[in-house]
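Have a look at the structure below before the remarks.
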Amino acid sequence: MTDDLEDRNVYGTELEPCSTDPMAGFLRDGCCRRVEGDRGRHEICAVMTEEFLRFSRARGNDLVTPRPEFEFPGLEPGDRWCLCVARWLEAVEADSAPPVVLEATHEAVLRDVEPDLLRDHEHEGRVDSESGTEE
Numbered sequence: 001m002t003d004d005l006e007d008r009n010v011y012g013t014e015l016e017p018c019s020t021d022p023m024a025g026f027l028r029d030g031c032c033r034r035v036e037g038d039r040g041r042h043e044i045c046a047v048m049t050e051e052f053l054r055f056s057r058a059r060g061n062d063l064v065t066p067r068p069e070f071e072f073p074g075l076e077p078g079d080r081w082c083l084c085v086a087r088w089l090e091a092v093e094a095d096s097a098p099p100v101v102l103e104a105t106h107e108a109v110l111r112d113v114e115p116d117l118l119r120d121h122e123h124e125g126r127v128d129s130e131s132g133t134e135e
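Under full-length UniProt numbering, read the sequence shown as residues 1 to 135, first letter to last.
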């Protein structure tokens with residue numbers, strides 16, 4: 001079940017998919033939705049970098065190794081993934097934050113993250129709104 005917020009992005013427009021290959025989101029529906037019960041708040045759509053993947057592994061969250069039992073394919077640089085708000089903020093503090101796809105980042109993150117900080121980390125590539133992949 002989703003939160004009382006509509007599925008809107010940080011611009012207040014319709015939330016675009018983050019990725020369907022690999023399938024992202026707490027609900028594995030491709031979107032970084034605000035979901036009741038998602039304690040990690042996987043609401044930030046980010047483009048993985050080698051630096052962030054190393055940072056995350058060092059923090060105890062290996063995003064590279066596939067985990068088929070959780071339908072997790074493992075990530076590599078360039079993949080888009082819905083990150084936890086707190087982990088992304090940790091990465092900002094460590095100067096390891098991956099770029100953010102604002103059109104696919106849920107507006108709920110604005111409760112905890114300043115818009116200017118998100119803009120400072122905005123991914124500049126164009127996204128195919130059907131698949132959530134680079135064009």
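For each residue, glycine too, the CB sits at the ideal point set by N, CA and C.
Beta-bridge annotation (DSSP): Asn9 is paired with His106.
Note that the C-beta distance between Met48 and Leu75 is below 8 Å.
The alpha-carbon of Arg67 is positioned some 6 Å away from that of Pro73. In this model, Asp116 and Asp62 are separated by some 29 Å (Cα to Cα). Around the CB of Pro77, fewer than 16 other CB atoms lie within 10 Å, so the residue is classed as exposed. Scanning Ala58, Asp112, Asp7, Ala97 for the CA closest to the CA of Cys31 turns up Asp7. When DSSP reads this structure, Phe72 sits in a beta bridge with Arg67. Under the DSSP assignment, Leu53 falls in the alpha helix (DSSP H) whose first and last residues are 50-58. Boundaries of the alpha helix (DSSP H) harbouring Arg119: 115-120, taken from the DSSP string. Shown here for Met23: same chain residues with a beta carbon closer than 7 Å to its own, the five before and five after excluded, namely Gly30 in chain order. In this structure, Cys82 is the residue among Cys82, Val113, Glu114, Glu122 with its C-alpha nearest to the C-alpha of Asp21.
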